[in-house]
Structures are given as C-alpha cells and as structure tokens.
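The structure under discussion appears below in the form of structure tokens.
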Amino acid sequence: MNSGLKQKALTGIFWSLVEKFGNQISQVIIGIILARLLTPDDFGLIGMITVFFAVGEIFIEGGFRQAYVQKKEATDIDASTMFYFNFFSSLIFYLLLYTTAPLIASFYNEPQLILIIKVMGLFIIIRSLSIVQEAKLAKNVDFKKRTKIFTSAFIVSGISAVIAAYSNMGVWSLVIQRIINASFVAIALWIFTDKIKLNSFSLTSLKSMFSFGSWILFQTVLGRFFDNLYQIIIGKFYPAAQVGFYTNAKRFENASSENITSAIGSVAFPVFSRFQNDTKKLKKATKQYMENLLFIILPVMIILMIVSKPFIIIFLTEKWLPMLPYLRLLCIVGILYPINAVSSNALWGLGKSKLNFYYSLVTFTLRIINVFLMYPLGVSYIIIGEIVLRIVIFILKGIAMGNLISFGIKEQFLLILKYIVFGLVLIIVGGLLAIQIETQEIEFVVNIFLLSGIYLLLNYFLNKEHLMSFLLNFKSLYK
C-alpha cells in the first residue's frame, strides 16, 4: 500500500472509529436510560418490525452505494441516477409497508403495530435522501465530515428519545429516535457536503452500476432479513418481552462488535477495491484489517461476556436479567462477526459480488435449518446454532480466500489462534474473580481494568510486533 493511500486509509479508519465509538458510547448511555424508562415489551414491539425497515433500507440503496464506490471513474450522471433510483424506490417500499401494516400486526397479534409501522415507515423515505452523499464521502475516504454529522445525529435523536420516554410516550420514543436520526443526517449532508447535480437520469449508468450492485442488493436484502429472522420467530412464538430481551442483548453486542467492524470495513472496501488487480497487496491489506479487528474486538467481547451480569444489574436493573444468557452467547457471535465481514469486503473489492451472494444463500439456508431445529428448545439454543453457523461460513469463505488471494483457512486460523488463547486466559481470570468478589459494583470495575491490563501484557510479551505496529499506525494519525 503506497504511503499516501495508507495515510488516507488510516485517517479514514480513525474518523470512522471516532464516529462508531462516539455512537457506541452514546448508544450504551442512551440505551441504559431507555431500558430503565421503558419496558421489555416496548423494545419487543420494535424488535418485531425491525426486519422490515432493515430490508427497506437496503432495498432503496439497490447496491448502488457499493457500486458507486467500487467504480473507478464515477460521474455526476452516476450520482444523479443513483439519487432518483433511491428516492423512487423508497416511495414504492413505503407504499408496500403502509398497505401491509395490518397483515404484519395480525401475524404478531399486536394491533398497535399498524400505526407504528405507518409512522416509522417515513424513515425509509427520509433515509433515501442521504445515500448519494454518503457514497461520495466513502469513495473519497472522507470520514471526518461523516463522523461529525452522524455522531451529532445520534446524540440529538437519542436525547429526543429520552425526553419522549420521560414524557411517558412508551414505544413511540423509539420511533421518534429513528425518524429524527434520519432527518438530521439528511439535512446535514445536504447542507455541508458538495451539492449533487440532479439534472439527469441515465439507463446506461443504471445498468452499469446494477450489474455489480444487483448481487450486493440481493445478498444484503436477504442478509438483513435473515439477520432479523430470529426476532421474527421469537416474536411469533414467544411473548413480546422475550423479543425485548433478545433485541436489547443484540443491541449491546452490536454496539461493540458490529459498530467497530463497520467502522473499519467502511474504509476497507474502498481500499480493497483499489487493489482488485494486485492480489499480493490485497492479501496483505486483508490480513492487516482482520488482525486489527480481532485485536480490538476480541477483548471487548470477552470482557463484556465476563461482566455482563453486574452490568445488567447495575445499569439496566434486575428486570433485564433474563437477557443475561443471550448477551453472553451473542458475545461469541460478536467475535466471529468481523472475520467473515473482512472476507466479504475482500471479495467485494475483487468484484466478486456474485460469489458473496452465493455464500449468503448458504448462510440463509443454514439459518432456516437452525431456526427449524432450535426454536422449540429456546432462544439460547437458537444463538448457539448461530455460532456453529458462523464457524461453517468462516470455513467456506476461507476456501475462496485461499483460491483467490492465497489467504486460506490455515493461515487465517493461525492468525486467529493467538487471540483465542488470549481470550481463554481472560475468561479464566474473570471466572476466578467472580468467585472471590461478592459485590457487583466492585466485580464490574475490577474486571474491566484488570482484564484490560492483562490483555495488553499478553500482547506485549507474546504479540509485540503487532502491538507496536498498531500503536505506530495510531500515532501516525496525529502527524
């Protein structure tokens, strides 16, 4: 990687991480406050319909954002074409949501969902207005501006939700949060980024981007649906409170694993795309991104797993204790998530969106089998099945990575192995501390600081080369 691109990528990662960490901290704080003010049923109602908005968000993008970033010479005509496609797709999807709201509510036997879906659906239309600007910022690796806008939006929408919850608005607090967030982002991007010339629509441009983006569209639409499949099943066959417990556990896992991964992944994809004709450089970049993600995410997930009980009791109150086994198991899912995400970004960078789609089909098939086999046994067993599923996908993608860029299962496993060992050490120490310490507050604080220190020492003595490289890269951001 040449020095200019490396510095640009590092700067992009820095600001993307600032955004994600800022959002993560805000999400945890706001999530704690809302969990105290609202009931598991409130979170459960939103959890039941999250899948429809997750799919809608991907549907209106149409894979065009990634296609625009991946395209070597993107033009104003491409941007204008993408904008009109996004906007009219959002209108179609909202109309679909509006007309099917009664059916969705009937499926869950929750009549109040009808109005919630119709109002919350406006989020999809608002969201469509900002996709092009986001794509242009990503293509230029300009994450500083994005960070300021998205972090501000998250804070403003979070505060709005808390105020609404204090005003006894219940589940509507969560609806308000989603709509205000999308509105703030759209307005800010139109004010503070380069204006888009909305004077053309090209079928040639549409076909060009769709040839790449269509496979991403199919993959991500199905991906979002099946990522939220568990909430659908839990909502159908279990009380709404169980959806709330699962949704909140997933929220705290996402705040760490998926947020950090998407922060680095959003920079990785445009960088990988530049190496699509140089597999040696792509392999090196992929390996670096994967190890950096493991270096950060593994200790966060392990420590969260260890302190999950005192965390819930201290911050969320004991009414949320039923989510404890879900959160602990989801932390394992969170460790596996970045490994597969980096492989997906590398395949996209190579232009192998079709291959990624086929792997997604395998994932979805396994997820359906998992639900069919595990839902009678309980939510915890569904999550255990998800862990097994992700290991299988790691193996399958590892085969492809070995064939395409010579970064196969064996090399990836050796990279991961040392972090698995470090994680096991932390679990043993954390388990011993839990036996010795009776006070939840002391256990929480001691575990966080002691385990963090042990992890750094393990890396200093057994993984010093990467630790120093990581610190040097971080230091270079301030030059």
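So the sequence shown is numbered by the working numbering: it starts at -13 and just counts up by one. Positions of the beta carbon are idealized from the N, C-alpha and C atoms, including for glycine. Quantities reported herein were computed from a predicted structural model and do not represent experimental measurements.
Rounded C-alpha distance that separates residue i from residue j
i	j	result
Leu115	Ala174	11 angstroms
Val14	Thr190	45 angstroms
Asn356	Ile220	13 angstroms
Thr206	Tyr345	12 angstroms
Ile423	Phe430	10 angstroms
Ile299	Ser259	45 angstroms
Phe231	Lys266	45 angstroms
Leu442	Glu277	15 angstroms
Lys450	Phe281	12 angstroms
Ile110	Ile428	44 angstroms
Tyr275	Asn95	45 angstroms
Ser188	Glu59	15 angstroms
Ile379	Thr349	7 angstroms
Phe456	Leu279	11 angstroms
Gly42	Lys273	33 angstroms
Met34	Ala235	15 angstroms
Ile141	Thr179	20 angstroms
Ile414	Asn72	50 angstroms
Ile90	Ser146	27 angstroms
Leu108	Val293	38 angstroms
Thr425	Ile440	22 angstroms
Pro324	Ser248	9 angstroms
Ile218	Leu419	38 angstroms
Gly199	Gly49	4 angstroms
Leu192	Asp64	7 angstroms
Ile135	Val118	15 angstroms
Gly320	Met309	16 angstroms
Trp334	Glu120	18 angstroms
Phe297	Phe196	45 angstroms
Where residue i falls, given that 16 or more other Cβ within 10 Å makes a residue buried
i	result
Asp264	exposed
Val374	exposed
Tyr464	In this prediction, Tyr464 has a pLDDT of 49, which is less than 50 and means its spatial position is unreliable; nothing more can be read from the coordinates.
Val257	buried
Ser511	Coverage of the chain is limited to positions -13 through 465, which leaves residue 511 absent and any answer about it impossible.
Glu47	buried
Lys181	exposed
Tyr405	buried
Trp201	buried
Asn389	exposed
Lys122	buried
Phe447	exposed
Glu239	buried
Arg22	exposed
Thr351	exposed
Glu304	exposed
Ile421	exposed
Ile162	buried
Asp28	buried
Thr233	buried
Tyr152	exposed
Whole-angstrom C-beta distance between residue j and residue i, which should lie under 8 angstroms
i	j	result
Phe408	Leu382	With a Cβ gap of about 26 angstroms, Phe408 and Leu382 do not count as contacting.
Met387	Ala332	7 angstroms
Pro285	Leu412	7 angstroms
Leu322	Ile377	7 angstroms
Ile100	Pro88	6 angstroms
Leu313	Gln262	No, Leu313 and Gln262 are not in contact; Cβ-Cβ is about 39 angstroms, not under 8 angstroms.
Ala226	Leu24	Contact doesn't hold; Cβ gap of about 12 angstroms is too wide.
Tyr54	Met68	6 angstroms
Lys222	Asp62	At roughly 47 angstroms, the Cβ-Cβ gap does not stay under 8 angstroms, so Lys222 and Asp62 are not in contact.
Phe211	Val37	6 angstroms
Gly156	Ile16	With a Cβ gap of about 16 angstroms, Gly156 and Ile16 do not count as contacting.
Extent of the continuous alpha helix (DSSP H) to which residue i belongs
i	result
Met309	First-last for Met309: undefined, no H or E at that position.
Leu375	Val365 to Ile391
Phe29	Pro26 to Glu47
Tyr84	Asp62 to Tyr94
Val286	Thr265 to Phe297
Met360	Ser339 to Met360
Tyr224	Run containing Tyr224: none; DSSP gives neither H nor E here.
Ser116	First-last for Ser116: undefined, no H or E at that position.
Ile165	Trp158 to Phe178
Thr303	Looking at the DSSP string, Thr303 is not in any alpha helix (DSSP H), and its letter there is neither H nor E.
Asn445	Gln426 to Leu448
Ile402	Ile395 to Gln422
Met195	Leu189 to Asp213
Leu101	Leu99 to Met106
Near the ligand GTP: residue i beta-carbon under 7 angstroms from a heavy atom
i	result
Ile440	By its list of ligands, the structure shown contains no ligand whatsoever, and the ligand GTP lies outside what it can speak to.
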